[in-house]
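Chains as they are written, first to last, in my numbering: chain A, -6 to 125; chain B, -6 to 125; chain C, -6 to 125.
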Amino acid sequence: MNLYHFTLSTSRENLFNITSMVNDALCASKVKSGAAIIFCPHTTAGITINENADPDVVTDFLFGMNKAFPDRKEFRHTEGNSHAHLKASCIGASETVIIENGKLLLGTWQGIYFCEFDGPRTRNFYVKIIGD
Amino acid sequence: MNLYHFTLSTSRENLFNITSMVNDALCASKVKSGAAIIFCPHTTAGITINENADPDVVTDFLFGMNKAFPDRKEFRHTEGNSHAHLKASCIGASETVIIENGKLLLGTWQGIYFCEFDGPRTRNFYVKIIGD
Amino acid sequence: MNLYHFTLSTSRENLFNITSMVNDALCASKVKSGAAIIFCPHTTAGITINENADPDVVTDFLFGMNKAFPDRKEFRHTEGNSHAHLKASCIGASETVIIENGKLLLGTWQGIYFCEFDGPRTRNFYVKIIGD
């Protein structure tokens, strides 16, 4: 019920502003009050909310995440993407946004982002709209 | 429906225990079972749950976050607060807490905190109470 | 309503795959559509979603978290577990998973994990199932 599925083609490492897609799901649901759950079904990608204005924030975000969670020679996972798994858990698989008056209750500067930490890949995400 | 708005005046960098404000919202809603969503509409602040007892946990938290996500000379965002954006995404814009018997189902040592990473500012947060 | 309580005995530091326990809660609730909230009531443990296949991902996860959030001599909290509090806030106290057709809408490789950062202890977690 009120579940929407989206697909993305990603580059190696990037943040994709998916706010308009979440808004499309909300409009389709006709829900006026409740919550939207945006969920990423992958283990080397995630969902976050951050600034929607200056693209340098995205560049700095990816740079800072690579410094905090670099690839390490001690990692044993043979796929070689343990740093991406760490980033995914740190950022989280989902965000929950309040719905009020038929709109996402986001701040002026907030956008919802799909975070690719191990692309390029074809990725999915879900938006579930729960009315109250 | 059952949406509550709060305002805070913050210092440069701090954690504010907002548990009592969330409890006030829950009481006003009269909801006995469901979930509370605590949402921060800013991109250099966030919401977390951590220890409500020893204030040194807060001091150590801010110190450790500054070590993991320091300001870096390579950052390009001209506002100079990319480290605060990183912390905000890492900690997250919201927390969801279960409501049972008209109370927040928090552990004994858990408090809900508004995390300021780039103050001083006037900040807002929302509490949405969803009954089931 | 539709609240389930689980107990775990943990080792010093580990990730426990609790997906089957969350599935048990979902089955007991008979809910077909909605959301599951998995909540940890402790301040040095958390809930995350990550790969359910290669156990080396868990090993690398714990190693990388210890590098990003090590114990530091400057920490003042006398219990000596400030690094565990930091990890708990970074990973978060809860996850929210969409329910569709009576099942958790997880990706193929996703499992839900209880993260122990300061064991061994007896730990609890809650699963709340909200239908829509």
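Backbone N, C-alpha and C fix where the C-beta goes; we use that ideal spot for every residue, glycine too.
Is the CB-CB distance between residue 106 of chain C and residue 41 of chain C below 8 Å?
Position 113 of the third sequence, counted from the start, is the residue given in the question as residue 106 of chain C. Position 48 of the third sequence, counted from the start, is the residue given in the question as residue 41 of chain C. Cβ distance < 8 Å, so residue 106 of chain C and residue 41 of chain C count as in contact.
Of all the options A:5, A:76, A:12, A:80, which has the alpha carbon lying nearest to the alpha carbon of residue 112 of chain A?
Taking the first sequence and counting its residues from 1, one reaches residue 112 of chain A at position 119. When each option's Cα is compared against that of residue 112 of chain A, the closest is A:5.
DSSP state of residue 24 of chain A, grouped into three classes?
The count along the first sequence starts at 1 and reaches residue 24 of chain A at position 31. If DSSP states are grouped into helix, strand and coil, residue 24 of chain A belongs with coil.
So with Cβ pairs under 8 Å, would you call residue 123 of chain A a contact of chain C?
Taking the first residue of the first sequence as 1, we reach residue 123 of chain A at position 130. With 8 Å as the cut-off, residue 123 of chain A counts as an interface residue toward chain C.
Alpha carbon of residue 164 of chain C to alpha carbon of residue 95 of chain C, nearest angstrom
Outside the displayed range of chain C (-6 to 125) lies residue 164 of chain C, so it cannot be described from this structure.
Going by beta carbon distance, what residues of the same chain come within less than 7 Å of residue 54 of chain C, once the five residues before and after it are set aside?
Numbered from its first residue, the third sequence carries residue 54 of chain C at position 61. So the qualifying residues of the chain are 8, 43.
If you follow the alpha helix (DSSP H) that residue 124 of chain B is in, where does it begin and where does it stop?
Sequence index remark: in the second sequence, residue 124 of chain B carries index 131 (1-based). Not the alpha helix (DSSP H): residue 124 of chain B falls in the beta strand (DSSP E), residues 115 to 124.
Taking its Cβ as the centre, do 16 or more other Cβ atoms sit within 10 Å of residue 48 of chain C, making it buried, or is it exposed?
The residue you call residue 48 of chain C lines up with position 55 of the third sequence. The residue in question, residue 48 of chain C, is exposed, as its Cβ has fewer than 16 Cβ neighbours within 10 Å.
Take residue 110 of chain B and list the residues in its own chain whose beta-carbon comes closer than 7 Å to its own, dropping the five residues that flank it on each side.
Position 117 of the second sequence, counting from 1, holds the residue named residue 110 of chain B. Same-chain partners within the cutoff: 6, 37, 38, 77, 80, 81.
Taking the beta carbon of residue 46 of chain C as the centre, do at least 16 other beta carbons fall within 10 Å, making it buried, or is it exposed?
Position 53 of the third sequence, counting from 1, holds the residue named residue 46 of chain C. Classification for residue 46 of chain C: exposed.
With distances taken between CB atoms, is the gap from residue 103 of chain C to residue 34 of chain A smaller than 8 Å?
On the third sequence, position 110 is the one that residue 103 of chain C refers to. On the first sequence, position 41 is the one that residue 34 of chain A refers to. Yes, the Cβ-Cβ distance between residue 103 of chain C and residue 34 of chain A is below 8 Å.
Nearest-angstrom Cα separation, counted from residue 87 of chain C out to residue 28 of chain C
Start at 1 with the first residue of the third sequence, and residue 28 of chain C comes out as number 35. Start at 1 with the first residue of the third sequence, and residue 87 of chain C comes out as number 94. Counting only the Cα atoms, residue 87 of chain C lies some 13 Å from residue 28 of chain C.
Provide the residue(s) that pair with residue 73 of chain A in DSSP beta bridges, ordered along the chain.
Position 80 of the first sequence, counted from the start, is the residue given in the question as residue 73 of chain A. In the DSSP assignment, residue 73 of chain A is bridged to no other residue.
Of the residues that make up the stretch 48 to 82 of chain B, which ones have a beta carbon closer than 8 Å to any beta carbon in chain A?
Answer set for the stretch 48 to 82 of chain B: 61, 62, 65, 67, 68, 69, 70, 71, 72, 75, 76, 78, 79, 81, 82.
Any Cβ of chain A within less than 8 Å of the Cβ of residue 13 of chain C?
Within the third sequence, the letter at position 20 stands for residue 13 of chain C. Any Cβ of chain A closer than 8 Å to the Cβ of residue 13 of chain C would place that residue at the interface, and such an atom is absent.
Alpha carbon of residue 24 of chain A to alpha carbon of residue 17 of chain A, nearest angstrom
Translated into the one-based positions of the first sequence, residue 24 of chain A becomes position 31. Translated into the one-based positions of the first sequence, residue 17 of chain A becomes position 24. Each residue's Cα considered, the two are about 12 Å apart.
Close-in-space but distant-in-sequence residues of the same chain around residue 125 of chain A (CB under 8 Å, 5 per side omitted)
Within the first sequence, the letter at position 132 stands for residue 125 of chain A. Setting aside the 5 residues that flank it on each side, residue 125 of chain A is surrounded in the same chain by 26, 27, 28, each with a C-beta closer than 8 Å to its C-beta; the list follows chain order.
Less than 8 Å between CB atoms is the rule here; does residue 91 of chain B satisfy it with respect to chain A?
In the second sequence, residue 91 of chain B corresponds to position 98, counting from 1. When Cβ-Cβ separations below 8 Å define contact, residue 91 of chain B makes no contact with chain A.
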